[in-house]
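Step one of this worksheet: look at the structure below.
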Amino acid sequence: GGGFAVIDPQSLKVTKVVKTPQLENNHPLVFSVSANQVISGGVNGVLSAYTPDGTHVGDVKVQPHIDQCNTGSKGELIVCAGRGVVMVLQARSGAAPRLLGRLETGHRGIHTVGIDERTNDIWVVYADPRGDWVQRLKWMP
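Residue numbering for the sequence shown follows my numbering, starting at 2 and increasing by one per position.
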């Protein structure tokens with residue numbers, strides 16, 4: 002388990018620490034605007050949704066060892082990357098994210114990911130001994 006801190010925007014002080022016992026070694030942490038949720042993951046392959054005040058909404062099973070997650074400009078889709086896999090999820094208000102897709106990329110070094118919600122193009126960046134790479138992945142719901 003672990004947790005995350007809620008910070009007051011005026012005082013910049015921690016107002017609450019939210020415990021996440023279902024998550025092992027919390028990482029990543031992202032906010033979905035459309036669902037008004039904090040989404041947190043664990044190396045154990047669980048992604049959890051919380052309201053901004055820290056109420057646990059639900060969990061979904063995902064790829065273990067996710068490194069980073071990101072949302073598009075609308076915040077409706079969440080993409081998470083780690084160990085060569087990109088997970089595509091739908092943020093849902095009042096519920097856990099729903100798993101929509103899993104993309105095997107063949108590049109174990111993928112950690113950073115983004116999505117263009119207008120086109121559903123997923124962008125990943127990674128490095129290997131030959132250099133640094135940017136790759137577009139096509140995904141359709």
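The beta carbon of each residue, even a glycine, is placed where N, CA and C say it ideally should be.
Distance, residue j Cα to residue i Cα
i, j, result
"Asn37", "Val114", "21 Å"
"Lys17", "Asp9", "9 Å"
"Lys139", "Val34", "23 Å"
"Ile123", "Val86", "12 Å"
"Met88", "Leu13", "33 Å"
"Pro130", "His28", "25 Å"
"His108", "Asp68", "14 Å"
"Lys75", "Glu118", "7 Å"
Beta-bridge pairing of residue i - partner residues as DSSP gives them
i, result
"Ile116", "Ile123"
"Gln91", "Leu78 and Arg99"
"Gly42", "Leu48"
"Pro136", "As written in the sequence, residue 136 is Gln, which differs from the Pro given in the question. Paired residues: Val125."
"Val18", "Ala6"
"Leu104", "Val87"
Whole-number beta carbon distance between residue j and residue i, since they are thought to touch under 8 Å
i, j, result
"Cys70", "Val31", "4 Å"
"Leu90", "Leu100", "6 Å"
"Gly55", "Val19", "4 Å"
"Lys62", "Gly46", "6 Å"
"Gln98", "Ile79", "Before going further, note that residue 98 is Pro rather than Gln in the sequence given. Sure, about 6 Å apart at Cβ, within 8 Å."
"Val58", "Phe5", "Incorrect: roughly 14 Å between the Cβ atoms, too far for contact."
Continuous beta strand (DSSP E) stretch holding residue i: start and end
i, result
"Ala6", "Gly4 to Ile8"
"Asn71", "Gln69 to Thr72"
"His57", "His57 to Lys62"
"Leu30", "Leu30 to Ser33"
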